[in-house]
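Numbering (our numbering), first residue to last: 10 to 310.
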């Protein structure tokens with residue numbers, strides 16, 4: 010499933026290729042991707058036609074395109090959703106679900122295409138949602154948001170009695186951190202995912218937040234993480250951060266820091282990957298020992 014870096018890569022592509030263009034036609038090829046639009050497919054198309062896209066925004070894994078009407082086109086990629094910008098003459102993709110004809114001063118006629126093989130993603134029009142759609146207002150800011158409140162995050166983590174990985178995945182605490190980047194950040198911070206938030210020190214939580222940002226920024230530079238053809242950017246290109254993953258998906262391979270075999274365990278119907286030496290399981294009832302950022306730092310080659 011696309012996580013924050015992948016969604017941010019898509020947002021940046023939309024900002025470059027879609028903002029400023031006018032939607033001249035909308036074609037809904039399958040009703041399921043617009044199931045959350047209460048007015049139905051025909052209303053969805055009607056309220057978007059002849060509207061100009063004035064921005065490209067994101068909150069966590071949700072994207073929205075503010076329109077000159079004051080409404081917004083809100084989208085979530087789900088597990089396999091793609092937003093592609095294509096020439097209007099390009100051959101339709103196999104799993105094309107919705108397409109928007111775009112007109113602008115540069116590049117002539119183009120299309121924004123929503124492609125979704127598994128159809129867990131979706132699109133809807135958020136009435137009056139250009140600034141912040143009501144549908145996503147409950148979602149916390151993400152760590153690379155300039156307005157993210159570090160100290161509020163530290164306090165919320167330390168008031169939680171659940172494991173730190175579960176806290177990282179809670180979109181009401183911090184948004185956009187998915188399974189891949191949680192595992193990678195925890196490895197960099199030398200923390201096991203079952204360490205309780207309430208038993209982490211403030212320096213430990215700040216340290217972890219630094220590594221969350223580091224791993225996300227590194228993924229952004231690589232265009233995100235692509236394990237298959239289900240995630241691509243708006244130009245159809247894959248990301249390459251999977252080549253830099255240190256623990257996620259590395260079961261049985263030696264930890265690049267200490268050489269111990271990486272372990273995989275079941276976690277919330279998914280998997281967690283960690284190094285049992287660098288990230289020892291917490292002892293029941295034992296206090297956390299503070300670590301400085303230097304002890305958790307990724308070894309530099």
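Ideal Cβ placement from N, Cα and C applies to all residues, glycine included. Here the structure is a predicted model, which is why all the values come from computation and not from measurement.
Give the range of the beta strand (DSSP E) segment to which residue i is assigned.
i: residue 123; result: 119 to 125
i: residue 22; result: Unbroken run through residue 22 is the alpha helix (DSSP H), 13 to 26; no beta strand (DSSP E).
Can you check DSSP and say which residues form a bridge with residue i?
i: residue 270; result: 263
i: residue 71; result: 68 and 85
i: residue 282; result: 273
i: residue 313; result: Here the chain has residues from 10 to 310 only, and residue 313 is not among them.
i: residue 135; result: 81
i: residue 90; result: 125
i: residue 172; result: 205
i: residue 95; result: 120
i: residue 76; result: 62
Can you give the beta carbon distance from residue i to residue j, rounded, assuming they're within the 8 Å contact cut?
i: residue 13; j: residue 186; result: 7 Å
i: residue 214; j: residue 166; result: 5 Å
i: residue 212; j: residue 132; result: Contact doesn't hold; Cβ gap of about 43 Å is too wide.
i: residue 89; j: residue 127; result: 4 Å
i: residue 175; j: residue 207; result: Incorrect: roughly 13 Å between the Cβ atoms, too far for contact.
i: residue 218; j: residue 155; result: With 8 Å as the limit, residue 218 and residue 155 do not qualify as a contact, their Cβ atoms being about 14 Å apart.
i: residue 120; j: residue 95; result: 5 Å
i: residue 69; j: residue 180; result: 6 Å
i: residue 284; j: residue 271; result: 6 Å
i: residue 199; j: residue 172; result: Wrong, their Cβ atoms sit about 15 Å apart, outside the cutoff.
i: residue 18; j: residue 64; result: So it is not a contact: roughly 17 Å between Cβ atoms.
i: residue 38; j: residue 134; result: With 8 Å as the limit, residue 38 and residue 134 do not qualify as a contact, their Cβ atoms being about 17 Å apart.
Where does the unbroken alpha helix (DSSP H) through residue i begin, and where does it stop?
i: residue 213; result: 211 to 230
i: residue 145; result: Neither: residue 145 is in no alpha helix (DSSP H) and is coded neither H nor E.
i: residue 185; result: Segment: none, residue 185 is in no alpha helix (DSSP H) and carries neither H nor E.
With H, G and I counted as helix, E and B as strand and the rest as coil, what does DSSP make of residue i?
i: residue 106; result: strand
i: residue 39; result: coil
i: residue 112; result: strand
i: residue 177; result: helix
i: residue 195; result: helix
i: residue 292; result: coil
i: residue 46; result: coil
i: residue 150; result: coil
i: residue 242; result: Its pLDDT being 47, under 50, residue 242 is placed unreliably in this model, and the coordinates cannot settle the point.
i: residue 258; result: coil
i: residue 158; result: coil
i: residue 164; result: helix
i: residue 140; result: coil
i: residue 304; result: Caution applies to residue 304, whose pLDDT of 38 falls short of 50 and renders its modelled position unreliable; the value that the coordinates give is listed next. The answer is helix: DSSP assigns residue 304 an H, G or I state.
i: residue 237; result: A caution first: residue 237 carries a pLDDT of 41, below 50, which makes its placement in the model unreliable, though a value can still be read off. Coil.
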